[in-house]
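Peer 1: Just passing along the structure, written as structure tokens.
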Amino acid sequence: MAPADLAAVAPLVLLVDDEPQMRRFLRATLPSRGFRLVEAASGEEALSEAAARRPDLVLLDLGLPDMDGQKVIEGLREWSRVPVLVLSVRGAEPDKVQAFNAGADDYLTKPFGIDELLARMQVALRHARSQGGSSEPTFEVGHLRVDLAARRVLVKDQPVHLTRTEYQLLAMLVRHAGKVVTHPQLLAEIWGPDAVQQTGNLRVYMKQLRHKLEEEPACPRYLLTETGVGYRLAVE
Amino acid sequence: MHGGTATAPLQKPTDSSVPAGKPRKLGGAPQERFTLLSAPMTPPIADASETIAPEPGPAPRGPGRYLVAVLVVGLASLISASLFHRFDPRNLAMVYLLGVAFVATRIGRGPSILASFLSVVSFEFFFMPPYFEWSNEDSQYVFTFAVLLVVALLISGLASRAREQTEQARQRGRRTQILYTMTRELAGLSRPTEIADHAARNLSAVFGARAILTLPPAEATPPPGTMGNPAPGVLELPLVGSRGTMGVATLHFESSSPLPVESRDLLDSLIRQIAISLERALLAAQAERAEVEVERERLRSALLSSVSHDLRTPLSVIHGAASSLIGEHGLSAAARDDLGTTIYEESDRLNRLLGNLLDMTRVQSGDLKVAKEPHALEEIVGSAVRRLRHVLKDHVVHPALAADLPLVPLDALLIEQVLVNLLENAARYTPTGSRIDVRAGHDAAEATVEVADAGSGLPSLGAGSRLEHFDRTKSGGGLGLAICQAIVVAHGGRMWATNRAEGGATLRFTLPLASAATSLSTSSLQAHGAR
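Same order as they appear, the protein sequences are chains F and B. Here the first sequence is numbered in this note's numbering, starting from -14 and rising by one per residue. Here the second sequence is numbered in this note's numbering, starting from 170 and rising by one per residue.
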């Protein structure tokens, strides 16, 4: 969230959606929030626009008329690391997981509010910028403070003791703060690539982590669940 | 019992045939329901040795029988020798007669003729002077031989007739037994395909032939030319019911000789029984289809009316609010904000309604698949509350989940939908600022989740009584609750509502802790009560 950075050069957003109404809505909103906009109504168009204009961020609807949105992600990933934010409808969780596997950075469920969209776009842009250099060693949201350098976790300034696995889980979420981290990503990072099916394990540790960090584990403030997909650490 | 495929196996014709094995659907489309059934020659009811061969020999055969005849005569000679000095030689002839009678009774005509001949020869050779040599002039033994021969023929004739009668009686008994067993077994089956399958196996076992039962569409009777004149060794028998031919039984025999009359009678009786069973099953399936169709039609119209009501309400609010915003510059900032908020909230509601309608469609088409995985209920509750944060902002949600809750096998998306519906329902029907409790606990068998509000309770429900069926035909909450119930039932749980003594309603549902994947059938959803 550094408006000064964004103002310097307004980020270029490639919007890929075949629905004219959706494009119209975003065309009416995004430029006034400090973004430049390129539109594409099909997968072909998206790939050629991406190559020609080199956008800073891609907003991608998965249901395109000419090709599967997954193919667009794969096509982009052959040559570009541009952050891809998938816009999808609820109930299509397998599609979301597939999109993550193809290389998407985040997703947003339609219908979404503009504030939510802007927040996700900021997160994606920030992660893209910090990809080369080092990310912030400390993370803070609400009463939660994580110091990755010192491996310290504080809630309301009180140190919280975490087991090794719990800390690894939290650190992974912190490194991707604001973005969805899928179950397989978490499992592979912490238990190794052979463990990607053991979501039960993950849920047990997540529960423990919530009980240590959250005031009300059943209404989490920080460790949010993206049902059927993964977890997201709240950034605000 | 409706598993889709089995209910209507007879809808589309096709005429290819399938080799021995299990019942198969041809084509692959669910409507492609022409079924062919055949069976290998493995016997389900009788053991293979009991098969009725085309010519069942009544008596044993083989050279061994003649050997027995020789042995019997030899024995008679030994006995005669031991009696030789005490009795008149003519009486010894009686011993030989006894032997011949034995052979004729027990063994058969041919051996008994041999025994007669050997007896005369032995008698003459051993016991008539001159001993141990042939006396050619003694022609009286020709007479002895003739008498023995007549006795042998008479007795063997009688004996073989008696044996035949016994054999017939045995066959009749066995036929009755087979018929009875098959009828009883077929009576226990309800699907036409099962009946055809079973019958084919029975026919195969009983007749030692490869039996194929073909069930064509009920409307199309098979062309008459194909009946009655099949290739040698092949029998084609129509399965005729009161309303025409229901199918064909084809038997491929190993040999091409015609079936004996008794076997043919048995076959006809079996075919009649199979036809009766088939007709019963077909009629039952038809009745059930009709019933399902009526229910489906009723649901469809209920759903349509609820769609038009549920969707139009938020839609008209959005429409109205948006139209007042467009080009209306005299509105105060507060009013514009108000209208914007209204549009936002109502479109949110519309979105949830659409989700419910989609779920309902999946329930009705039998397409609701439950993918269970072990989940922390807390996580599901949290996710549902978060999804509804705008709706719940004027209520106080108090989650109280038991600390020792185990992971519960459930489909997270579906159970989240249940909680979203229950919470939204609670928020909608209770005053702003009131409290909503979400509790969860468990025993050995199941986890129980409840959403309790502090409103005025369910109007249709007396104190202490439970509402166990949620009517999906009612608008709004009703549709949502019906879907909740469908989802919970699909998980193997139950859902019910009670009114709290202190006011407000409690909706509870259970989820079994033992994992078992289930899918929902339409019949598990019964709509009776209403909110």
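Ideal placement from N, C-alpha and C gives every residue a C-beta, glycine not left out.
1. If we count the other Cβ atoms within 10 Å of its Cβ and call it buried at 16 or more, is residue 456 (chain B) buried or exposed?
2. Could you please give the first and the last residue of the uninterrupted alpha helix (DSSP H) stretch that includes residue 538 (chain B)?
3. List the residues of chain B whose Cβ lies closer than 8 Å to the Cβ of residue 185 (chain F), in chain order.
4. Are the beta-carbon atoms of residue 543 (chain B) and residue 568 (chain B) separated by less than 8 Å?
5. With distances taken from CA atoms, which of B:592, B:493, B:293, B:504 is nearest residue 674 (chain B)?
6. Which class does residue 100 (chain F) belong to by DSSP, given the choice of helix, strand or coil?
7. Would you verify that the beta carbon of residue 550 (chain B) is, or is not, closer than 8 Å to some beta carbon of chain F?
8. Could you have a look at residue 158 (chain F) and say whether DSSP puts it in helix, strand or coil?
9. State buried or exposed for residue 55 (chain F), treating a residue as buried only when at least 16 other CB atoms are found within 10 Å of its CB.
10. Could you round the C-beta distance between residue 408 (chain B) and residue 420 (chain B) to whole angstroms and report it? I think they count as a contact, below 8 Å.
11. Taking the continuous alpha helix (DSSP H) assigned at residue 185 (chain F), which residues delimit it?
12. In the segment 580 to 599 of chain B, which residues sit with their C-beta less than 8 Å from some C-beta in chain F, listed in chain order?
13. Starting from the C-beta of residue 151 (chain F), find all residues in its chain whose C-beta is less than 8 Å away, skip the five residues before and the five after it, and write them out in chain order.
14. Would you list, in chain order, the members of the segment 176 to 202 of chain F that have their beta-carbon closer than 8 Å to a beta-carbon of chain B?
15. How would you call residue 679 (chain B), buried or exposed, if buried means at least 16 neighbouring beta carbons within 10 angstroms?
16. Going along chain B in order, which residues have a C-beta closer than 9 Å to the C-beta of residue 24 (chain F)?
17. Quick one: what does DSSP say residue 7 (chain F) is sitting in, helix, strand or coil?
18. Compute the distance between the beta-carbons of residue 682 (chain B) and residue 614 (chain B), then report whether it is under 8 Å.
19. Would you list the one or two residues that DSSP bridges to residue 73 (chain F)?
20. Can the beta-carbon of residue 440 (chain B) be found less than 8 Å from the beta-carbon of residue 459 (chain B)?
21. For the segment 13 to 43 of chain F, enumerate the residues whose C-beta is nearer than 8 Å to any C-beta of chain B, in chain order.
22. For the structure I just gave you, are there three or more beta carbon pairs, one from the segment 592 to 602 of chain B and one from the segment 559 to 568 of chain B, closer than 8 Å?
23. List the endpoints of the continuous alpha helix (DSSP H) containing residue 130 (chain F).
24. Does the CB of residue 497 (chain B) have a neighbour CB from chain F at under 8 Å?
25. Does the beta carbon of residue 209 (chain F) sit closer than 8 Å to a beta carbon anywhere in chain B?
26. Taking all protein chains shown into account, do 16 or more other C-beta atoms lie within 10 angstroms of the C-beta of residue 313 (chain B), making it buried, or fewer, making it exposed?
27. Could you tell me which chain B residues have their CB closer than 8 Å to the CB of residue 78 (chain F), listed as they occur along the chain?
28. Check whether the Cβ atoms of residue 62 (chain F) and residue 28 (chain F) sit closer than 8 Å, and answer yes or no.
29. For residue 605 (chain B), report the span of its beta strand (DSSP E) as first-last.
30. May I have the straight-line CA-CA distance separating residue 659 (chain B) from residue 482 (chain B), to the nearest angstrom?
31. With a Cβ-Cβ cutoff of 8 Å, do residue 598 (chain B) and residue 624 (chain B) count as a contact?
32. Using the rule of at least 16 other Cβ atoms within 10 Å of the residue's Cβ for burial, across every protein chain shown, is residue 556 (chain B) buried or exposed?
33. Just verifying my parser: in three-state terms, what is the DSSP assignment at residue 621 (chain B)?
34. Tell me the residue span of the alpha helix (DSSP H) that contains residue 495 (chain B).
35. Please state the DSSP three-state secondary structure of residue 41 (chain F).
36. Look at residue 548 (chain B) and residue 570 (chain B) and say whether their C-beta atoms are less than 8 Å apart.
Peer 2: Once the coordinates are examined:
1. Exposed.
2. Residue 538 (chain B) -> no alpha helix (DSSP H), and no H or E assigned at all.
3. Proximity of chain B to residue 185 (chain F) at the Cβ level (cut-off 8 Å) is accounted for by 542, 543, 576, in chain order.
4. Cβ distance not < 8 Å, so residue 543 (chain B) and residue 568 (chain B) don't count as in contact.
5. Ranked by how close their Cα comes to the Cα of residue 674 (chain B), the residues B:592, B:493, B:293, B:504 have B:592 in first place.
6. Of the three classes helix, strand and coil, the one that applies to residue 100 (chain F) here is helix, per DSSP.
7. Yes, contact with chain F.
8. Reduced to three states, the DSSP call for residue 158 (chain F) is helix.
9. Residue 55 (chain F) is classed as buried because its beta carbon has at least 16 other beta carbons within 10 Å across all chains shown.
10. Residue 408 (chain B) to residue 420 (chain B), Cβ: 13 Å. No contact.
11. Segment 184 to 198, the alpha helix (DSSP H) holding residue 185 (chain F).
12. From the segment 580 to 599 of chain B, only 581, 582, 585 have a Cβ closer than 8 Å to chain F.
13. Here residue 151 (chain F) has 190, 193, 194, 197 as same chain residues with Cβ atoms under 8 Å from its own Cβ, once five neighbours each way along the sequence are excluded.
14. From the segment 176 to 202 of chain F, only 184, 185, 188, 189, 191, 192, 195, 201, 202 have a Cβ closer than 8 Å to chain B.
15. Counting Cβ neighbours within 10 Å, residue 679 (chain B) comes out buried, since at least 16 surround it.
16. What residue 24 (chain F) touches in chain B, judged by beta-carbon distance under 9 Å, is nothing: the nearest beta carbon there is about 23 Å away.
17. Helix at residue 7 (chain F).
18. Yes, the Cβ-Cβ distance between residue 682 (chain B) and residue 614 (chain B) is below 8 Å.
19. In the DSSP secondary-structure assignment, residue 73 (chain F) is bridged to F:94.
20. No, they are not a contact pair.
21. Within the segment 13 to 43 of chain F, no residue has its Cβ closer than 8 Å to any Cβ of chain B.
22. Taking 8 Å as the limit for Cβ pairs, the verdict is that the segment 559 to 568 of chain B does touch the segment 592 to 602 of chain B.
23. Taken as a continuous stretch (DSSP letters only), residue 130 (chain F) belongs to no alpha helix (DSSP H), being part of the beta strand (DSSP E) at 129 to 132.
24. No, no contact with chain F.
25. Yes, contact with chain B.
26. Residue 313 (chain B) should be labelled buried.
27. Within chain B, the C-beta atoms nearer than 8 Å to that of residue 78 (chain F) come from 582, in chain order.
28. For the pair residue 62 (chain F) and residue 28 (chain F), the CB atoms are not nearer than the 8 Å cut-off.
29. Per DSSP, residue 605 (chain B) is one residue of the beta strand (DSSP E) stretching across 604 to 611.
30. Their Cα atoms are separated by approximately 30 Å.
31. Residue 598 (chain B) places its beta carbon less than 8 Å from that of residue 624 (chain B).
32. Buried, since its Cβ has 16 or more Cβ neighbours within 10 Å.
33. Of the three classes helix, strand and coil, the one that applies to residue 621 (chain B) here is strand, per DSSP.
34. If you look at residue 495 (chain B), you'll find it isn't in any alpha helix (DSSP H); DSSP assigns it neither H nor E.
35. In this structure, residue 41 (chain F) counts as coil in the three-state DSSP scheme.
36. Going by beta carbons, residue 548 (chain B) and residue 570 (chain B) fall outside the 8 Å limit.
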